[in-house]
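Novice: What follows is a structure written as structure tokens; I'll ask about it next.
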Amino acid sequence: MSAWIFGYGSLVWRPDFPYVERRIAAIDGWARRFWQGSTDHRGVPGDPGRVVTLVRENGARCWGRAYRIEGGDGEAILERLAHREKGGYDRIVLDLHFAAPGAPARGFVYFANPRNPNWLGPAPLADIARQVRRSHGPSGANVEYVLELAGALREMEVEDAHVFALADLVKGEGAP
């Protein structure tokens, strides 16, 4: 089995599976937003954290990392990812556009369906920042998730106004 997996959240900075190649890539028509609740990683039931999902947006381009998996581990990796993303995420296949020249490839992408029970939806960024600051779950502090993602995107030299504005608010550097 050979397949690409596109990460736009924690997979950008913390893939937990073996891969044979990693590349900066983007998907078109989707924007990254902190609109999904996390009751199993960055929050708990009754006090969810906020993690990213994808929402359709005309003209948007979401940058992340694509990982190529190969061999017999492929099915096991997809099963592990399905378990990791069980809190409301569905898997789809989209075109991945690589930062380096070359043809696009098809890849697996997980996104939170707005009909899932952990969907929180849009909120003022200051409210999201307050929720992130107080949330903690089995995978750690929600603040860590936001700051690690923002740091990884900056290291990749890609822009994401939503993530960067939230990171500034979480650090206390933005307007309340």
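Each residue of the sequence shown is one higher than the one before, counting from 158 in my numbering. Ideal placement from N, C-alpha and C gives every residue a C-beta, glycine not left out.
Can you check DSSP and say which residues form a bridge with serine 195?
Specialist: Paired residues: Gly206.
Novice: Smallest Cα separation from isoleucine 234: which of Met313, Gly297, Asp173, Tyr165?
Specialist: Selected option, being the one with the closest Cα: Asp173.
Novice: Just to confirm the assignment, what range does the beta strand (DSSP E) spanning leucine 334 have?
Specialist: Lying before the first or after the last residue shown, residue 334 is absent from the chain, which here runs from 158 to 333.
Novice: Unbroken beta strand (DSSP E) runs of length 3 or more, entirely within the stretch 223-303: which are they?
Specialist: The qualifying runs are 246-255, 262-269.
Novice: Indicate whether valine 320 and leucine 306 have their beta-carbon atoms separated by less than 8 Å.
Specialist: Cβ atoms of valine 320 and leucine 306: closer than 8 Å.
Novice: If you follow the beta strand (DSSP E) that phenylalanine 163 is part of, which residue opens it and which one closes it?
Specialist: Run containing phenylalanine 163: 159-164, per the beta strand (DSSP E) assignment.
Novice: Classify arginine 171 as helix, strand or coil using the three-state DSSP reduction.
Specialist: Residue state, collapsed to three classes: coil.
Novice: Is it the case that the Cβ atoms of cysteine 219 and arginine 189 are separated by a distance below 8 Å?
Specialist: In this structure, arginine 189 lies closer than 8 Å to cysteine 219 by Cβ.
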